[in-house]
Structures are given as C-alpha cells and as structure tokens.
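K.L.:
Mind having a look at this structure? Questions to follow.
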Amino acid sequence: MTPMIRLWLMKSEPGVFSIDDLARADNRTGGWDGVRNYQARNFLKAMRKGDRAFFYHSSVQPPAVVGTVEVVREAYPDPTQFDKKSAAYDPAASQDNPRWFQVDVRLLAKFKNPVGLEAIKSSPELRDMPLLRHSRLSVQPVTPRQWKRIEQMAGH
DNA sequence: GCCAACGTTGGC
DNA sequence: GCCAACGTTGGC
C-alpha cells in the first residue's frame, strides 16, 4: 500500500528562521518550532514522514513561497514550550502534558523564482488557498492542484 | 507604524 | 456560555 503524501504550506518570518537558515543547517534539516496556534498544531500532528510543504516567508516584502521541504520526523513535543527563556515559553505546558509540537523538515528546493503573494492572489487556481482567507494560520494544507500550480509559477 | 482579522482570556 | 477586552499576525 502506498502511503498518501500530503501537501502543506508553512510560514516563517525570515528574520526568525529563513529558508537560507535551513539551507545552512546540518543535513539541511531543522525543527519547525514555535507554533502556538491550535489549528496549526493539529495540522503539524497530522503530518507524516515524506509529506511535502511549501516554505513561505511572511512579514517581509514581498511575502512569498520560497521553496519546498520534506517532513523527516513526525510531531514531537516542542522543547521551547518548557524553556522559560524562550519567547515561546508556555507556563501551562508540562513535560507530562505537552501542549505544543514540532516536526523536523529537510530542505528540498529553494526556488530561483519565489512565488509572491501578489502572484498567488492573481491566479484563479489559487483563490481558495487558506493563505488568502485565514492570514493567521501558520501551517495549512495545500491541494495537489495548488501545489502543481505554484511549482509551475516558480519554474519548477 | 497602522490596522483588520481573528484567536484567546476572563468576568459575569 | 456569552461577549468585551485584549493580544497577535501579517499585509500594506
């Protein structure tokens, strides 16, 4: 039986963690920590090894999909929730009862031609992306059709 | 820096 | 359980 590969989009502010940071990491792999939204967390927990995701840069000009990553480790407790020095510290979380999770991702490709938010808005095939409707959802599903369209726009 | 959208908190 | 107040995200 062939496991279904799911497709996602994950947002990050490049000033905090950028696609180039991931490119420089050991094995081009890093933990996607700091997610503190329940709906986004539930999507993180639904991710399976081998799933792919777009890496989206938010809060920069221009906001854009800048590449693709692959899930290499499924959800496990995000250690920053226990770290009092972290901005993502959550006093309500405990080791016994973690509230927040992260996955590890490996960089697959950095787009030569990032796909800007403006271009996404102008493409009729992409009008239903949660990105355009729920701007605050930092981890969200992508349909195969949307995936193909964005890769096409990126020249990949 | 502003502010719309929307998620979270807490008083009742 | 409602909802006002508050906080955060993220485009502009």
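Per the working numbering, residue 11 is the first one in the first sequence, and the count goes up by one each step.
Ideal Cβ positions, reconstructed from N, Cα and C, are used throughout, including at glycine.
1) Indicate whether residue 98 and residue 46 have their beta-carbon atoms separated by less than 8 angstroms.
2) Enumerate, from N- to C-terminal direction, the unbroken beta strand (DSSP E) stretches of 3 or more residues contained entirely within the stretch 50 to 130.
3) Please report how far the alpha carbon of residue 66 lies from the alpha carbon of residue 105, in whole angstroms.
4) Tell me which same chain residues have a C-beta within less than 8 angstroms of the C-beta of residue 122, skipping the five on either side of it?
5) What would DSSP say about residue 163, mapped onto helix, strand or coil?
6) Under the three-state reduction of DSSP, which class applies to residue 157: helix, strand or coil?
7) With C-beta atoms as the reference, is residue 81 less than 8 angstroms away from residue 57?
P.N.:
In this structure, then:
1) Stepping through the first sequence from its first residue, residue 98 is reached at position 88. Stepping through the first sequence from its first residue, residue 46 is reached at position 36. Against a cut-off of 8 angstroms, the Cβ pair of residue 46 and residue 98 comes out as a contact.
2) Within the stretch 50 to 130, the complete beta strand (DSSP E) runs of at least 3 residues are 62 to 67, 74 to 87, 111 to 126.
3) By one-based count along the first sequence, residue 66 stands at place 56. By one-based count along the first sequence, residue 105 stands at place 95. Whole-angstrom Cα-Cα distance: 30 angstroms.
4) As a working note, residue 122 is residue 112 in the first sequence. So the qualifying residues of the chain are 164, 165.
5) In the first sequence, counting from the first residue as 1, residue 163 sits at position 153. Helix, per DSSP.
6) Taking the first residue of the first sequence as 1, we reach residue 157 at position 147. Helix at residue 157.
7) One-based indexing of the first sequence puts residue 81 at position 71. One-based indexing of the first sequence puts residue 57 at position 47. Cβ distance < 8 angstroms, so residue 81 and residue 57 count as in contact.
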